[in-house]
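Asks: Numbered as in the working numbering, the sequence shown ends at 194 without a single skipped number.
Pasting a structure below so you can have a look.
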Amino acid sequence: TTHNAVANDEKLKKACPALSHLASLIGDPAVRHKGTIGGSIANNDPAADYPAALLALGATIVTNKREIAADKFFKGLFETSLKDGEIVTAVTFTAPAKAAYEKFRNPASRYAIVGVFVAKGKDGVSVAVTGAGDDGVFRSKEIEAVLAGNFAASALEGVKVPAKNLMTDIHASADYRANLIAVMAKRAVAAANA
């Protein structure tokens, strides 16, 4: 399923508009019309958008052989739990009550320097981050703890995300990424509540 199809699917827009919005932010029109959600998650680029969404949504990745929970699927930079011969065939998740995705983009590639997906559902609040972790996509337990008590952007005022285990590269330092995580989380919560 292409990114463009994910971005424009009417059923998905009703069930989880945040995921459709995320897909609309991927690359440029050529990338959105050729690239696929299955290919993106199988590649697990550390700056790709979908892994944060699937982790925050508690999604299940369905292959031609089995079903894998998102928190068991993503294993590190460009690594997944896919075995030889396995192909991603579907993704399933329970629609959240509220969700949103915000990212600070690399201006050339449009990959996330930091992307934050927030989801609030019957099982609580989940916050997943892409583009920042030394070991790829991860959940932000610090931000989740704050939002569990008050799912409001204002609740995140003054929240500091530790730079430990965040990457530094030519695009941003670990400290800058830590700040961006807090900023993008605030924006995502505000969007989810809008």
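For glycine and all other residues, C-beta sits at the position ideal for the given N, C-alpha and C.
Please determine, among ALA97, LYS34, LEU54, ILE41, the residue with the shortest C-alpha to C-alpha distance to LYS14.
Replies: That would be ALA97, whose Cα lies nearest to the Cα of LYS14.
Asks: Let me confirm a value: ASN44 is counted as buried when at least 16 other C-beta atoms fall within 10 Å, else exposed. Which label applies?
Replies: Looking at its Cβ environment, which holds 16 or more other Cβ atoms inside 10 Å, ASN44 is buried.
Asks: Assuming GLU144 contacts SER126 under a Cβ cut-off of 8 Å, what Cβ separation, rounded to an integer in Å, is found between them?
Replies: Indeed, because the Cβ distance is near 6 Å, the residues count as touching under 8 Å.
Asks: With DSSP collapsed to three states, give me the class of ALA163.
Replies: Looking at ALA163 - three-state DSSP - the assignment turns out to be coil, as it is neither helix nor strand.
Asks: Nearest to ASP84 by CA position, among ARG66, ALA5, ALA152, ALA48, is which residue?
Replies: The shortest Cα separation from ASP84 among ARG66, ALA5, ALA152, ALA48 belongs to ARG66.
Asks: Compare the Cα-Cα distances from GLY131 to each of GLY115, VAL159, ASP175, SER140 and report the closest residue.
Replies: Closest option to GLY131, Cα to Cα, is GLY115.
Asks: Taking all protein chains shown into account, do 16 or more other C-beta atoms lie within 10 angstroms of the C-beta of HIS3, making it buried, or fewer, making it exposed?
Replies: Buried is the call here.
Asks: Quick check: LEU82 and ASP71, are their CB atoms within less than 8 Å of each other?
Replies: In this structure, ASP71 does not lie closer than 8 Å to LEU82 by Cβ.
Asks: Taking the straight line between their C-alpha atoms, what separation do you get for ARG32 and VAL6?
Replies: When rounded, the distance between both Cα atoms is 9 Å.
Asks: Can you give the Cα-Cα distance for VAL189 and ALA23, rounded to whole angstroms?
Replies: Near 18 Å, if we compare the C-alpha coordinates of ALA23 and VAL189.
Asks: Pick helix, strand or coil for GLU142, following the three-state DSSP scheme.
Replies: The answer is helix: DSSP assigns GLU142 an H, G or I state.
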